[in-house]
Amino acid sequence: MPAITEDAIRELAAFRGEEAPVTSCYLNVDGRHHTRREEYEQELDHLVRGAKPRANGTHSVASDLRRITEFVRGGIDRSTTRGLAIFSCTAHDFWEVVLLPVPVRNKVVIQSAPAVSQLERLVNEFNRFGVLLADRQRARMFVFEMGELTDHSERLDELPRDYDARGEKDQGDKHAHVEALASQHLRQAAAAAFDLFRSGGFEHFTIGCPDPIAHELESNLHPYLRERLAPRVGVQPSASLEQIRQAVIDLELEVDRLEEAEQVDRLRAAVATSQRGVAGLPGVLAALSEHRVQSLLVSDGFSQPGWRCEACHLLTTVGRNCPACQGEMAQVEDAVEEALDDALRQSCAVRVCVGNADLDVLGRIGALLRY
Ligand SMILES: [Zn+2]
634 MPAITEDAIR
644 ELAAFRGEEA
654 PVTSCYLNVD
664 GRHHTRREEY
674 EQELDHLVRG
684 AKPRANGTHS
694 VASDLRRITE
704 FVRGGIDRST
714 TRGLAIFSCT
724 AHDFWEVVLL
734 PVPVRNKVVI
744 QSAPAVSQLE
754 RLVNEFNRFG
764 VLLADRQRAR
774 MFVFEMGELT
784 DHSERLDELP
794 RDYDARGEKD
804 QGDKHAHVEA
814 LASQHLRQAA
824 AAAFDLFRSG
834 GFEHFTIGCP
844 DPIAHELESN
854 LHPYLRERLA
864 PRVGVQPSAS
874 LEQIRQAVID
884 LELEVDRLEE
894 AEQVDRLRAA
904 VATSQRGVAG
914 LPGVLAALSE
924 HRVQSLLVSD
934 GFSQPGWRCE
944 ACHLLTTVGR
954 NCPACQGEMA
964 QVEDAVEEAL
974 DDALRQSCAV
984 RVCVGNADLD
994 VLGRIGALLR
1004 Y
């Protein structure tokens, strides 16, 4: 599965359904949320039932919905996939499936072009992991992004050696020589990891190594890397690519949960003290309209109808007269989704939280504010 890139998203977004509209379907198949496949299949049935009236009898859209259902019922490899994004326009024989290593918000959109805002959000949000695996002789270096590992081990050979082995060898102190070589090797590995980080290679960092050398390897890391250090992965340089990938996926989940809990805690504290925090949809929409939102937290599956002003584009939970300009407002099917799109356009960070009871209590949506 190729990682989804900004270029790939732009290409998708450029498609236009001239003959018939495009059906975009996002489906959360995350194993943490839906342990049985029947659960996400039911979610899809629900989405499709809701979308059928919007097809307006268009043959192409009806066929899109059938094809999407058949694809999902054909089975998904959930060891690697937690979210699906499917784009279909039968009239143009257009069909794209993006398998995502992260969960998505369930949604079917029928419009003239693929609805790519969720994909954009994921690409913007998804942090890359630098992975350094080392033992006393070997080292390997990877970057993990959107479920894929890229090998950067060549960097380990590019740095100049800082230890000249020849002198020691002549002295015949074999043990000291082996120790010095191993220490040099770990310094090299740490330096190569920092080199990759400095060239913009990743945001999070983890190491995998045998316990006895963990302290030495960590102490060789540049302070910038040490402060980014996530818990260690339980794999070593001899592991297979698939073992490494699975270990990093598990770690990413753990880090993601920690970050999510930390952000919801911050939100709760901010709301409690009325300082730079707002909870509930009406408050979030007001903050968005004032461009005060720094990051937005929303519970997976939260959806609520609302209103959008046709003149000044203000988004609110109650209509039909715009409180800002007194203009006419039009009803929108899902004000939450529109709020996320607005947030994206304002370059806010957006996090979709799955099964976070604390956020649910706060009204299923909240925002940390810039001021
Ligand atoms: Zn208005």
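Once you know that position 153 of the sequence shown is 786 in the numbering used here, the rest is easy, because the numbers rise by one and skip nothing. Just so it is clear, CB atoms sit at the ideal spot from N, CA and C, and this is done for glycine as well. Every value quoted in this text rests on a predicted model; they were computed, and no experiment measured them.
By the criterion of a C-beta distance shorter than 7 Å, GLY952 is surrounded in its chain by TRP940, MET962 and GLN964, once the five residues flanking it on both sides are discounted.
When only Cα atoms are considered, GLY960 and SER922 end up about 16 Å apart. One residue after another in chain order, those with a Cβ under 5 Å from a heavy atom of ligand 1 are CYS942, ALA944, CYS945, LEU947, CYS955, ALA957, CYS958 and GLY960.
The continuous stretches of alpha helix (DSSP H) do not include GLU943, and DSSP gives it neither H nor E. Burial is judged here by how many other beta carbons sit within 10 angstroms of a residue's own beta carbon; SER745 has fewer than 16 and is exposed. If you compare the alpha carbons of LEU789, VAL655 and PRO843 with that of HIS818, the shortest gap goes to LEU789. For LEU850, the number of other beta carbons within 10 angstroms of its own is at least 16, and it is reported as buried. Judged by DSSP secondary structure, ASN661 falls within the beta strand (DSSP E) whose first and last residues are 655 to 661.
PHE775 and GLY834 have their C-alpha atoms spaced approximately 10 Å apart.
At the C-beta level, VAL735 and ARG715 come within 8 Å of one another.
ASP974 is positioned such that its CB atom lies no closer than 8 Å to that of SER936. When Cβ pairs closer than 8 Å are counted between the two stretches, the segment 714 to 728 is seen to touch the segment 644 to 661, the count reaching three or more. Annotation: ALA880 to MET779 spans about 14 Å, alpha carbon to alpha carbon. Rounded to whole angstroms, THR691 and THR723 show a C-alpha spacing of 11 Å. A straight line joining the alpha-carbon of ILE882 with that of ALA957 spans about 46 Å. Taking each of ASN954, GLN751 and VAL756 in turn and checking the Cα distance to VAL741, the smallest one comes out for GLN751. When DSSP reads this structure, THR949 sits in a beta bridge with TRP940.
Under the 10 Å beta carbon count, GLU970 is surrounded by 16 or more other beta carbons and is classified as buried. Counting along the chain, HIS848 sits inside no beta strand (DSSP E); it lies in the alpha helix (DSSP H) bounded by residues 844 to 853. Counting along the chain, ILE882 sits inside the alpha helix (DSSP H) bounded by residues 874 to 905. Within the same chain, ASP991 come within 8 Å of ASP898 by CB-CB distance, once the 5 residues on both sides are set aside. Within the same chain, and ignoring the five residues on either side of ASP993 in sequence, the residues whose Cβ sits closer than 6 Å to its Cβ are SER932.
For HIS679, the enclosing alpha helix (DSSP H) covers residues 670 to 684. By the neighbour-count criterion, in which 16 or more other beta carbons inside 10 Å mark a residue as buried, SER721 falls on the buried side. When DSSP states are grouped into helix, strand and coil, ILE642 belongs to the helix group. DSSP assignment within the segment 681 to 762 yields the following whole beta strand (DSSP E) runs of 3 residues or more, N-terminal first: 716 to 722, 727 to 733 and 740 to 744.
ARG865: not part of any beta strand (DSSP E); DSSP gives it neither H nor E. Cβ-Cβ distances below 8 Å link ILE701 to THR656, CYS658, LEU677, VAL681, ILE719 and SER721 in the same chain, with the five nearest sequence neighbours on each side left out; the list follows chain order. In its chain, beyond the 5 residues on either side, ILE637, ALA718 and LEU752 have a beta carbon closer than 7 Å to the beta carbon of VAL731. PRO870 sits away from LEU977, with the two beta carbons spaced by 8 Å or more. Setting aside the 5 residues that flank it on each side, VAL868 is surrounded in the same chain by LEU766, GLY841, GLN876, ILE877 and ALA880, each with a C-beta closer than 7 Å to its C-beta; the list follows chain order.
With respect to LEU995, GLN927 sits apart: the two C-beta atoms are not nearer than 8 Å. If you draw a straight line from the Cα of PHE759 to the Cα of PHE827, it comes to about 21 Å.
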